[in-house]
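Read through the structure below, which is laid out as structure tokens, and then see the notes.
2 protein chains.
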Amino acid sequence: MINQKERIKTWLKGNRARGARLLQILVRENSTRGNESGAQAVLIEKCRQLGLTMDIWEIGGEELKKHEAYCCDRTSFDGNPNLVAILKGTGSGKSLILNGHIDVVPVGDEKSWKEDPFSGHIECGKLYGRGATDMKGGTVALLMAMESIIATETKLKGDVIFQSVIEEESGGAGTLAAVLRGYKADGAIIPEPTNMKVFPKQQGSMWFRISVKGKAAHGGTRYEGVNAIEKSLAVIQRLQKLEKDRNERITDPFYDNIPIPIPINIGKMNSGEWPSSVPDTAIIEGRMGVAPEETISAAQLEMENCLAELNQHDPWFQDHPLSIEWFGGRWQPGSLNEEHPLVTELSASYKEIKGQHPVIEASPWGTDGGILSNFGHTPAVIFGPGITEVAHDANEHIHLEDMFLASEIIALTILNWCGVQEEI
Amino acid sequence: MINQKERIKTWLKGNRARGARLLQILVRENSTRGNESGAQAVLIEKCRQLGLTMDIWEIGGEELKKHEAYCCDRTSFDGNPNLVAILKGTGSGKSLILNGHIDVVPVGDEKSWKEDPFSGHIECGKLYGRGATDMKGGTVALLMAMESIIATETKLKGDVIFQSVIEEESGGAGTLAAVLRGYKADGAIIPEPTNMKVFPKQQGSMWFRISVKGKAAHGGTRYEGVNAIEKSLAVIQRLQKLEKDRNERITDPFYDNIPIPIPINIGKMNSGEWPSSVPDTAIIEGRMGVAPEETISAAQLEMENCLAELNQHDPWFQDHPLSIEWFGGRWQPGSLNEEHPLVTELSASYKEIKGQHPVIEASPWGTDGGILSNFGHTPAVIFGPGITEVAHDANEHIHLEDMFLASEIIALTILNWCGVQEEI
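Taken in order, these protein sequences are the chains called A and B.
Take 1070 as the starting number for the first sequence in our numbering and just add one per residue.
Take 1070 as the starting number for the second sequence in our numbering and just add one per residue.
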């Protein structure tokens, strides 16, 4: 086993350029929602070369769409499949799911990018592009770990089930589809961008859309109307207070270093169509965080009650009530005990590679981990090389060194978790 | 003259259905910006039937576009002409411009309309539809007044110059083009929707666009970004304070009954493209009122100074300054002395028809009157039958009774102003 570990580490150190090149190719494939096929094709070819047993399918169907955790406004998944690729063990070992999502968020304001958002260019040890950090770098770390095991002819006892799923950024339908297809395991690692921290707990979240009504009028007699933008200010301020109240209740020491453990993000606001008219409607969209031990419905109820309170106390809202819609993305919260063997094994591997204990925290954002643990009976931990701060931002990038170290840590964790079949 | 007046009043009372029908046809022609030709065609046919001398032309050209008062982002005026139609006097009388704009603002949220926004349907003495009040009803009052003079074979001494212009809602390029084409007179009446009040002074206004920068981030770690919507709150609150400060300075008794004499209207706000991302840009658009005796540039400077103050004191704005653009519409302010003969003649006619003095105030919104008076050397007064409160609103409508009375008042004013050539 010790020999095997050393051989794997040596292989990974010798094949870093191979990993960087794979990430570059992946980033160059724009895989925003509805365009995932190109990047999936790159991974399918890679898994084929590794000799893995593949399952490639377009998600959908009644079972998925009627599931309580299904949350998706996409009308078609045609041509953009999920991928599962299995490295079969010899038996009797614990199995492990390695899950990464292939979809990336939109690029935002292109002018804020120094290079093309899908350039994949490398500079000073960083690889740039939308998805580099969230989370194609994590996915490459998984595949490099698997390749190191295959290349060194290490025989695992337990199965390793690699998953490249769509739809994580929009609510997790891809991972849910994999769960419903029967994929489960004794544990799962999801290499979302954690800054190399270990997150046994994951914050859930969901999207909301609040409609604020006003009354149109000529801007020159604006006092004859009611400005939906001005009325929105009160709504936003109430949401800010709700966020404050909810976060003051969080006492979990895992969140000690997180300024806002369960944020309420105002992500979009659109109102008005003419500068000199009083706008009669404003639409506010955002994302509400859910604590690991909280339920999605409890958090939703709390926000709904806030709006009901505004509707009750503001004379305008009494007659023109705010309405809220829970649309688009919804991510289940997840919670794993810090003493769970998956956490301790991963931490031990981390210490072996980095020489120190990892930071163990609760994730400040939702992941597919909640679906795996709550509906797939698969305990999940989040750990990855990407940089939290640049996920979804312009000039997104990853430190390649972290990706290489993550692949070593994950490879050792696979060995310890799945077990190695010694040669007889 | 007394006989003539009575014949005209009698003719107008007997032809109310004719006026209502003309307004209905006009409202049914959607004349939002770029679509004015259909409604203009209705008026051209009407003026042809009245035997007026017409001038129909597509505005444009270097002189117009280089004029200091030109303010327009429209790229083409092709196919949507201005119309001037003249009832020539016998000479030696004072001339009068009767100016109405044919363009209407967009319909807004169609769901807020009980009927089709361009239905022109009549119910309980009200005619409904976008433009009914602002200001096709006023235009019909002008034409009915002229028709009553023609039908009664009244010979005027001075010229009556009817103008149906485009672009009033977007900055007055239509009226400016008429001024540059040489049309001026000893006075002008613009029947904008004043609730039958007389406005010798007109508030100017112009549009602004403020760009607010933020910093994108994942919504779950929103503290790593800067939310452009939240930063916009401070900007909107500062504009609210600016509005308050500016209006506290207004001591003109004309504005005594106006809650906000020179409003700053926040008309549009757009920010963000993804609910779970922190938005990195917000665009705020609106309209700033300018006092009758103020200049546009002085008002602009005051708002620019406010933003500069925010840029100086807010640490984020210090490095990411707010920027402002004065785009689209700009309407010159105008000011006529209350004792000007045009105001006293109009007031006398009002008293003759309505039996009481009109309310004389300053207009709470900009009109083309500023262009006529400041650049066309034509003193202008604003008086019309439309309802201020429903201009630009859903279910816009006009009281037909007011339109009929306005046509009588305007007809008498024409007689008194232009003078009647008695038969020899």
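C-beta atoms are modelled at their ideal positions from N, C-alpha and C, and glycine is treated no differently.
It should be emphasised that the depicted structure is a prediction, and the values quoted were computed from it without experimental measurement.
Residue i: which of the options sits nearest, CA to CA?
i          : options                                        : result
Gly1207(A) : Cys1487(A), Ile1456(A), Ala1463(A)             : Ile1456(A)
Ser1357(A) : Gln1381(A), Pro1390(A), Ile1305(A)             : In the sequence under discussion, the amino acid at residue 1357(A) is Met, which differs from the Ser named in the question. Looking at the Cα atoms, Ile1305(A) is the closest of the given residues.
Thr1244(B) : Thr1221(B), Ala1480(B), Pro1186(B), Gly1169(B) : Gly1169(B)
Glu1261(B) : His1446(B), Leu1481(B), Ala1431(B)             : Ala1431(B)
Gly1435(A) : Ala1089(A), Ile1235(A), Gly1241(A), Val1176(A) : Gly1241(A)
His1461(A) : Thr1101(B), Ser1274(B), Val1267(B), Glu1293(B) : Glu1293(B)
Val1359(B) : Gln1073(B), Gln1272(B), Asn1380(B)             : Gln1272(B)
Glu1465(A) : Glu1184(A), Ser1301(A), Tyr1324(A), Ile1335(A) : Glu1184(A)
Asp1388(B) : Leu1308(B), Val1295(B), Gly1148(B), Thr1413(B) : Val1295(B)
Leu1391(B) : Ser1301(B), Thr1447(B), Ile1333(B), Val1450(B) : Ser1301(B)
Lys1506(B) : Pro1448(B), Gly1438(B), Thr1482(B), Leu1370(B) : This structure cannot speak to residue 1506(B), because chain B is shown only from 1070 to 1493.
Val1176(B) : Ser1100(A), Met1372(A), Ser1346(A)             : Ser1346(A)
Gly1200(A) : Leu1225(A), Ser1100(A), Gly1256(A)             : Ser1100(A)
Pro1454(B) : Glu1492(B), Glu1477(B), Leu1379(B)             : Glu1477(B)
Ala1496(A) : Ala1303(A), Ile1319(A), Ala1417(A)             : Nothing about residue 1496(A) can be reported from this structure: the residues present for chain A run from 1070 to 1493 only.
Val1153(B) : Leu1212(B), Asp1124(B), Trp1486(B), Ser1188(B) : Asp1124(B)
Ile1353(A) : His1382(A), Cys1116(A), Arg1318(A), Asn1334(A) : Asn1334(A)
State the start and end residues of the unbroken alpha helix (DSSP H) segment that holds residue i.
i          : result
Phe1323(A) : Here Phe1323(A) belongs to no alpha helix (DSSP H), and DSSP marks it neither H nor E.
Gln1369(A) : 1365 to 1382
Leu1391(B) : Unbroken run through Leu1391(B): none, as it is neither H nor E.
Lys1134(A) : 1131 to 1134
Asn1334(B) : Run containing Asn1334(B): none in the alpha helix (DSSP H); it sits in the beta strand (DSSP E), 1333 to 1340.
Ala1360(B) : From DSSP, Ala1360(B) is part of no alpha helix (DSSP H); its letter is neither H nor E.
Ile1327(B) : No alpha helix (DSSP H) holds Ile1327(B); DSSP gives it neither H nor E.
In angstroms with no decimal places, state the Cα-to-Cα distance between residue i and residue j.
i          : j          : result
Ala1231(A) : Lys1253(A) : Position check: residue 1231(A) holds Phe in this sequence, whereas Ala was assumed. For Phe1231(A) and Lys1253(A), the distance between alpha carbons rounds to 11 Å.
Val1174(B) : Ala1463(B) : 11 Å
Ala1297(A) : Pro1348(A) : 6 Å
Leu1196(A) : Gln1093(A) : 7 Å
Pro1322(A) : Pro1433(A) : 13 Å
Val1209(A) : Gln1109(A) : 12 Å
Arg1090(A) : Arg1097(A) : 11 Å
Val1234(A) : Asn1151(A) : 5 Å
Asn1374(B) : Ile1365(B) : 14 Å
Gly1120(A) : Lys1134(A) : 32 Å
Trp1385(B) : Met1275(A) : 29 Å
Glu1458(B) : Lys1310(A) : 35 Å
Ile1259(B) : Pro1361(B) : 16 Å
His1468(A) : His1426(A) : 20 Å
Cys1193(B) : Met1265(B) : 19 Å
Ala1475(A) : Trp1080(A) : 14 Å
Ser1164(A) : Gly1488(A) : 9 Å
Glu1237(B) : Leu1112(B) : 17 Å
Ala1220(B) : Met1472(B) : 19 Å
Gln1490(A) : Asp1203(A) : 34 Å
Pick helix, strand or coil for residue i, following the three-state DSSP scheme.
i          : result
Glu1261(B) : coil
Asp1124(A) : strand
Ser1164(B) : coil
Arg1143(B) : coil
Ile1077(B) : helix
Thr1350(A) : strand
Ile1494(A) : Missing from the structure shown is residue 1494(A); chain A here goes from 1070 to 1493 and no further.
Pro1410(A) : helix
Glu1101(A) : In the sequence on display, residue 1101(A) carries Thr and not Glu. The answer is strand: DSSP assigns Thr1101(A) an E or B state.
Lys1226(B) : coil
Ile1155(A) : strand
Can you name the start and end residues of the beta strand (DSSP E) that residue i belongs to?
i          : result
Tyr1197(A) : 1195 to 1197
Thr1436(B) : First-last for Thr1436(B): undefined, no H or E at that position.
Phe1231(B) : 1229 to 1234
Gly1273(B) : 1273 to 1282
Val1450(A) : 1449 to 1452
Ile1467(A) : 1466 to 1468
Q: Determine, using beta-carbon pairs with one atom in the segment 1286 to 1295 of chain B and one in the segment 1403 to 1423 of chain B, whether at least three such pairs fall under 8 Å.
A: Counting Cβ pairs under 8 Å, fewer than three are found: no touch.
Q: Mind the definition here: the segment 1150 to 1161 of chain A touches the segment 1434 to 1444 of chain A only if three or more C-beta pairs lie below 8 Å; say whether that holds.
A: no
Q) Just checking, does the segment 1080 to 1090 of chain A make contact with the segment 1209 to 1219 of chain A on the three C-beta pairs under 8 Å criterion? A) Contact holds: three or more Cβ-Cβ distances are below 8 Å.
Q: Kindly confirm or deny that the segment 1103 to 1116 of chain B and the segment 1171 to 1188 of chain B touch, where touching means at least three C-beta pairs closer than 8 Å.
A: Yes, the segment 1103 to 1116 of chain B is in contact with the segment 1171 to 1188 of chain B.
Q | chain E contacts from the segment 1462 to 1481 of chain B (Cβ-Cβ distance under 7 Å) | A | Within the model displayed, chain E is absent; protein chains A and B are what it includes.
Q. At a cut of 8 Å, does the segment 1332 to 1350 of chain B reach the segment 1274 to 1284 of chain B through at least three beta carbon pairs?
A. yes
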